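Worksheet: the structure to be examined is printed underneath.
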Amino acid sequence: MSYEKEGFVPNPILTGLVGICPLVVAAKSLAEGAAYGLGAAFCAFLLGLLIPPARAFLPVRLQAPASLALSAALALIYSFCLEMYSSALAAGLWIYLPLLAASGLSLVALRLSSSTSRSGPDGQSRLAVIALQSAWFLVTSACVGAARELLGLGTLTIPTPGPSLSRIAVADFAPLRILVTPAGGFILLGFLAALYRVTLRASGRKGL
Amino acid sequence: MMADKRETLVENLAVAAAVGVLVLLVAVLSLVAHAGTKAQEGSSLAAACSGSSPQLALEVDDPAFERIFSLRKDSGSLYGTVVSLRGNGASALVCAFYSPQGELRELHTLDSFGDRLSDDERELTSRFFDTERVLARAAESIRDAARKGE
Numbered sequence: 063m064s065y066e067k068e069g070f071v072p073n074p075i076l077t078g079l080v081g082i083c084p085l086v087v088a089a090k091s092l093a094e095g096a097a098y099g100l101g102a103a104f105c106a107f108l109l110g111l112l113i114p115p116a117r118a119f120l121p122v123r124l125q126a127p128a129s130l131a132l133s134a135a136l137a138l139i140y141s142f143c144l145e146m147y148s149s150a151l152a153a154g155l156w157i158y159l160p161l162l163a164a165s166g167l168s169l170v171a172l173r174l175s176s177s178t179s180r181s182g183p184d185g186q187s188r189l190a191v192i193a194l195q196s197a198w199f200l201v202t203s204a205c206v207g208a209a210r211e212l213l214g215l216g217t218l219t220i221p222t223p224g225p226s227l228s229r230i231a232v233a234d235f236a237p238l239r240i241l242v243t244p245a246g247g248f249i250l251l252g253f254l255a256a257l258y259r260v261t262l263r264a265s266g267r268k269g270l
Numbered sequence: 002m003m004a005d006k007r008e009t010l011v012e013n014l015a016v017a018a019a020v021g022v023l024v025l026l027v028a029v030l031s032l033v034a035h036a037g038t039k040a041q042e043g044s045s046l047a048a049a050c051s052g053s054s055p056q057l058a059l060e061v062d063d064p065a066f067e068r069i070f071s072l073r074k075d076s077g078s079l080y081g082t083v084v085s086l087r088g089n090g091a092s093a094l095v096c097a098f099y100s101p102q103g104e105l106r107e108l109h110t111l112d113s114f115g116d117r118l119s120d121d122e123r124e125l126t127s128r129f130f131d132t133e134r135v136l137a138r139a140a141e142s143i144r145d146a147a148r149k150g151e
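Chains H and C, in that order, give the protein sequences.
The opening residue of the first sequence carries number 63 in my numbering; numbering runs sequentially from there.
The opening residue of the second sequence carries number 2 in my numbering; numbering runs sequentially from there.
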């Protein structure tokens, strides 16, 4: 890959580690996990859709600032839409909504969209790769949120429209209260990463 | 040389115009969201405190609350606001009602989770949240709104 010709190539360490931190803190209930995952998927998919055609008429020196401006605008558009849908959800996700502009998924979408090659690693189109990753991110975010809420509070929050969210009381006790805290989110993410490694090893593939 | 400069200027203007359109779109959406939130807060306050329909008294620039509403009840005039209380990994929206002197009268949680808290947990939760400072700032804004309303 020729880096001289790339408009904006985010650092993979920033993409992988820093980009995933907001997910761990923000997805502390089913509703917040689903809303955060949907926002990340929305931003990433539209970045993948809009950046490649924009590269055709944007000069190389303006591609990086234009990509970041588009990413920030998409994150703001999603946060306003979520605020109109449910002010409780928007208040719960707070600063993490504008941070969708720099979420792990948005940075992956920016990296793939900035690539000069037309296809992704498995020969799929770049947009198909981004769509698949977005879908996985959405499912992971919702599952992480649901698991943290279920084990940490014994409830499940449904993302209903309006000023308040409805909660289903699943259990009268909460076995692992630490999971609703950010530290608990990181612990859960560690276990998920270990599970991912074990699954990859069992299938004979090499991890990222 | 001159042609290059002209081309660069046209490119810059085209990108500035595109970014301008994006900014316009975001600004329009923010106004729509602002109006929607204002209506939602008004209806939440009306539902929490069965008085007259709330009227916007003051808009404030505070991270925990944005609008102060005035409303009338049988017991006299009240001011209300929807406060976002947050702590270490938790958040809740609360309707807070104050007297014109800034004295806190009622608190209603907008979150159904509040109904599930036991008394001990309520106490812990209220410690958990940095409630006191937020409610004091709201009281100060209510006194401002009351002074402006006189």
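All C-beta atoms in this analysis are idealised placements derived from N, C-alpha and C, irrespective of residue type, glycine included.
Predicted model only: the values in this text are computed from it and were never measured.
Just checking: is the beta-carbon of residue i within a distance shorter than 8 Å of some beta-carbon in chain D?
{"i": "S85/C", "result": "In the structure shown, chain D does not exist; the protein chains are H and C."}
Going by alpha carbons, who is nearest to residue i out of the options?
{"i": "L72/C", "options": "S51/C, E60/C, S92/C, A65/C", "result": "S51/C"}
{"i": "G214/H", "options": "L92/H, A197/H, L132/H, L159/H", "result": "L92/H"}
{"i": "S31/C", "options": "L194/H, L112/H, L257/H, Y140/H", "result": "Y140/H"}
{"i": "L212/H", "options": "A236/H, L189/H, L262/H", "result": "A236/H"}
{"i": "R155/C", "options": "A65/C, N13/C, V27/C, A36/C", "result": "For chain C, the structure presents residues 2 to 151; residue 155/C sits outside this window and is missing."}
{"i": "A147/C", "options": "G21/C, E42/C, Q56/C, S44/C", "result": "Q56/C"}
{"i": "R239/H", "options": "T217/H, A102/H, V122/H", "result": "T217/H"}
{"i": "Y99/C", "options": "T38/C, E60/C, A140/C, R68/C", "result": "A140/C"}
{"i": "A131/H", "options": "P223/H, L162/H, A96/H", "result": "L162/H"}
{"i": "P225/H", "options": "N13/C, L46/C, V24/C, V33/C", "result": "L46/C"}
{"i": "S76/C", "options": "L94/C, T82/C, V84/C, E107/C", "result": "E107/C"}
{"i": "L174/H", "options": "G110/H, V201/H, A134/H, M146/H", "result": "G110/H"}
{"i": "V20/C", "options": "S133/H, G247/H, S177/H", "result": "S133/H"}
{"i": "E145/H", "options": "H35/C, A15/C, T82/C", "result": "H35/C"}
{"i": "N13/C", "options": "A153/H, I82/H, L120/H", "result": "L120/H"}
Can you find the residues in the same chain that come closer than 6 Å, C-beta to C-beta, to residue i, ignoring five residues on each side of it along the sequence?
{"i": "H109/C", "result": "A49, C96"}
{"i": "T132/C", "result": "L86"}
{"i": "A106/H", "result": "L167, S168, A171, I192, S196"}
{"i": "L227/H", "result": "A93, A150, T219"}
{"i": "G95/H", "result": "A89, S203, A204, V206, G207"}
{"i": "P114/H", "result": "S175"}
{"i": "T222/H", "result": "S228"}
{"i": "G101/H", "result": "Y140, L162"}
Can you list, in chain order, the residues of its chain with a C-beta nearer than 7 Å to that of residue i? Leave out the 5 residues immediately preceding and following it.
{"i": "S78/C", "result": "S71, P101"}
{"i": "L250/H", "result": "V206, A209, R210, L241"}
{"i": "S53/C", "result": "L72, R73"}
{"i": "Y98/H", "result": "L85, A88, A89, L155, Y158, S203"}
{"i": "L1/C", "result": "Because chain C is modelled from 2 through 151, residue 1/C falls outside the range shown and cannot be assessed."}
{"i": "E67/C", "result": "E60, V61"}
{"i": "L125/C", "result": "For L125/C, the predicted structure reports a pLDDT of 49, less than 50, and the residue's modelled location is therefore unreliable. The matter cannot be settled from this model."}
Along chain H, in chain order, which residues have C-beta atoms closer than 9 Å to that of residue i?
{"i": "E107/C", "result": "Simply none; closest approach about 17 Å."}
Which residues of chain C have a Cβ atom closer than 8 Å to the Cβ of residue i, listed in chain order?
{"i": "A106/H", "result": "Chain C residues near A106/H: none, gap ~17 Å exceeds 8 Å."}
{"i": "A128/H", "result": "V16, A19, V20"}
{"i": "G154/H", "result": "S92"}
{"i": "I139/H", "result": "L26, V27, L30"}
{"i": "L251/H", "result": "The contacting residues do not exist; L251/H stays about 14 Å from chain C at best."}
{"i": "F235/H", "result": "Here the premise fails: no neighbours, minimum Cβ distance about 12 Å."}
{"i": "A135/H", "result": "L23, V24, L26, V27"}
{"i": "L124/H", "result": "E12, N13, V16"}
Give me the chain C residues within the contact set of residue i, using Cβ-Cβ distance strictly less than 7 Å, ordered along the chain.
{"i": "G99/H", "result": "Here the premise fails: no neighbours, minimum Cβ distance about 18 Å."}
{"i": "E211/H", "result": "Here the premise fails: no neighbours, minimum Cβ distance about 10 Å."}
{"i": "P121/H", "result": "E12"}
Can you find the residues in the same chain that come closer than 8 Å, C-beta to C-beta, to residue i, ignoring five residues on each side of it along the sequence?
{"i": "Y80/C", "result": "A58, I69, F70, S71, L72, F98, Y99, S100, P101, I143, A146, A147"}
{"i": "L194/H", "result": "Q186"}
{"i": "K6/C", "result": "none"}
{"i": "S92/C", "result": "S85, L86"}
{"i": "R117/C", "result": "Here the model assigns R117/C a pLDDT of 43, short of 50, so the residue's position is not dependable, and the following value carries that caveat. Excluding residues within five positions, none has a Cβ falling inside 8 Å."}
Taking C-beta pairs closer than 9 Å, name the residues in chain C that residue i reaches, listed in chain order.
{"i": "L200/H", "result": "What L200/H touches in chain C: nothing, since even the nearest Cβ is about 22 Å away."}
Members of the segment 21 to 50 of chain C near chain H, C-beta cut-off 8 Å: Of all residues in the segment 21 to 50 of chain C, only L23, V24, L26, V27, L30, S31, V33, A34, G37, T38, Q41, E42, S44, S45 place a beta-carbon less than 8 Å from a beta-carbon of chain H.
Positions along the segment 57 to 80 of chain C whose CB lies within less than 8 Å of some CB in chain H: Here the close residues number zero.
Ranges of the beta strand (DSSP E) found wholly within the segment 177 to 262 of chain H, counting only runs of at least 3: The beta strand (DSSP E) runs lying completely inside the segment 177 to 262 of chain H and spanning 3 residues or more are 217 to 220, 228 to 231, given in chain order.
Residues within the segment 7 to 22 of chain C neighbouring chain H, beta-carbon criterion of under 7 Å: Correct list: E12, V16, V20.
Start-end ranges of the beta strand (DSSP E) lying completely within the segment 16 to 96 of chain C, minimum 3 residues: List check, beta strand (DSSP E) in window: 56 to 60, 68 to 74, 77 to 87.
Segments assigned alpha helix (DSSP H), at least 4 residues, entirely inside the segment 104 to 165 of chain H: Runs of the alpha helix (DSSP H) inside the segment 104 to 165 of chain H: 122 to 147, 149 to 155.
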